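One point on numbering: in this note's numbering, the residue at position 4 of the sequence shown is 4, and numbering is uninterrupted.
Report on one structure; see the data block that follows.
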Amino acid sequence: KIENINELNKYIEIKTINICRYNYNKIVLNLLRWYLNYSCYMMDQTTKILIVDDSQLIHSMYRLVLNRYKSCKIVDAMNGLEALDALSKENDFNLILLDINMPVMNGLQFMEKIKNENIYKQIPIIVISTEGKEEDTLRALQLGAAGYVVKPFKPHMLYELIEKILSRKQAQFAGSKSL
């Protein structure tokens with residue numbers, strides 16, 4: 001029972017907040033459905049992606065998004081040193097998703113280590129980091145990053161970048177085979 005104008009305003013405010021929360025959750029759910037169904041680069045059985053990030057949550061998010069492609073193999077590393085170890089065991093990765101800020105060996109140090117190794121040179125690297133400073137972006141690109149994404153990001157933007165980079169790599173591979 002509403003007895004005065006203040007109670008009426010409070011009631012309207014609570015209802016508005018609840019409606020906004022409902023709409024927000026509905027929008028987020030629709031976005032999640034959309035990017036899980038987003039038609040991007042169809043990875044074949046040879047597509048291998050190395051995820052290098054010290055956050056297990058980030059690994060889980062990438063796996064959720066990328067596991068839609070049953071034939072995609074994902075290898076996890078929690079820092080640059082683990083990534084080097086993974087590369088020494090399997091050097092046929094099609095893509096590396098790399099964070100900058102990590103313990104033991106950060107992303108830029110990792111890139112410096114593999115920059116001059118011919119065997120790793122052709123693996124495209126997408127740096128995905130909270131570091132949005134221009135000097136970090138420039139440094140990553142100078143070290144050979146194929147793309148740079150600032151966290152937080154929209155999953156469809158990452159998909160589009162992955163599709164663009166892998167399509168370019170596939171076209172280069174096809175071009176070199178025809179020579």
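For glycine and all other residues, C-beta sits at the position ideal for the given N, C-alpha and C.
This structure is a prediction, so every number in the text was calculated from the model and none was measured.
Query, Result
"Close beta carbons around D76, own chain, < 7 Å, minus the five adjacent residues each side", "I51, H59"
"Continuous beta strand (DSSP E) stretch holding D136: start and end", "Here D136 belongs to no beta strand (DSSP E); instead the alpha helix (DSSP H) covers 134-142."
"Three-state secondary structure assigned by DSSP to A146", "coil"
"Proximal residues to L161 (C-beta, below 7 Å), its chain only, five neighbours per side dropped", "I126, G147, V149"
"Own chain residues within Cβ distance below 7 Å of E117, not counting five before or after", "none"
"Candidates Y159, K164, Q122, L108: closest to M138 by CA position", "In the sequence as presented, Met is not what sits at residue 138; that position holds Leu. Of the listed residues, the one whose Cα sits closest to L138 is L108."
"Residue from I74, D54, L87, M157 whose Cα sits closest to the Cα of K113", "L87"
"Reference S129, options G80, M61, L81, L97, closest by Cα", "L97"
"Bounding residues of the alpha helix (DSSP H) (the contiguous stretch that carries I114)", "107-115"
"Delimiting residues of the alpha helix (DSSP H) encompassing K48", "Segment 48-52 is the beta strand (DSSP E) holding K48; no alpha helix (DSSP H) there."
"Opening and closing residue of the alpha helix (DSSP H) in which I119 lies", "118-121"
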